[in-house]
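A short worksheet on the structure shown next.
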Amino acid sequence: MASIFSIFSTKDPDEEMRKAQALFEKIISTQSDSREARNMRVRMGLLSRAHLDKSFVTGAEQMASWQELAALAIANGKEKPPLPEPSVFQKIKAGENDIYVYLPEEYAHEAFFLGGRYQAAAIPAIKAIETMQGLANQLCYYELKLEEPFQVLQFLRDELAQSPDNEDASGLS
């Protein structure tokens, strides 16, 4: 019976995005070093990691689609479509719910375009991981004021670790 009423409780995405951005800005502007403030920073760090990972994957997926459309357009003598645009918001699974997570443009766009460059084979996996980790470190240390940065692209690290022809992956941390 609850599913019948779910249409009445739909959340306005624009309002959810506004709240996500306000929460991020509140957390990074907090000067307190209380336990509660540190916990909020850590939680935001985990959400930010999910955002960065998802932005990277989205960039890779959208670049793959764009490359196909561009090749088709060229083959048909037409102009290439515009490049895909990244978003500062990502919908992230948090427990039972999907929530919007905000990251400033410099982080979200860099992650998106790194995923696209990786998909286009413009950069190898190790370089993608190193660059993304540098981005995550910057976010953790300078924005969220965390003592330890979180690790991004674990799925790609795992994939590299499984690859018998890639001994360089073991040095990644």
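Residues in the sequence shown are numbered consecutively from 1131, following this note's numbering. Beta carbons are placed, not taken as given, at the ideal position from N, Cα and C, and that holds for glycine.
Residue 1282 and residue 1154 have their alpha carbons spaced roughly 19 Å apart.
Taking the Cα positions, residue 1209 is about 6 Å away from residue 1203. Residue 1141 carries a coil assignment under DSSP once its states are collapsed to helix, strand and coil.
Using a 10 angstroms sphere on the CB of residue 1271, the tally of other CB atoms stays under 16, which defines it as exposed. Shown here, residue 1266 sits in a helix according to DSSP, grouped into three states. Taking all protein chains in view, the Cβ of residue 1240 is crowded by 16 or more other Cβ atoms within 10 Å, so the residue is classified as buried.
In the three-state DSSP reduction, residue 1224 falls in the strand class (E or B). Between the alpha carbons of residue 1217 and residue 1188 lies a gap of roughly 10 Å. Per DSSP, reduced to three states, the secondary structure at residue 1187 is helical.
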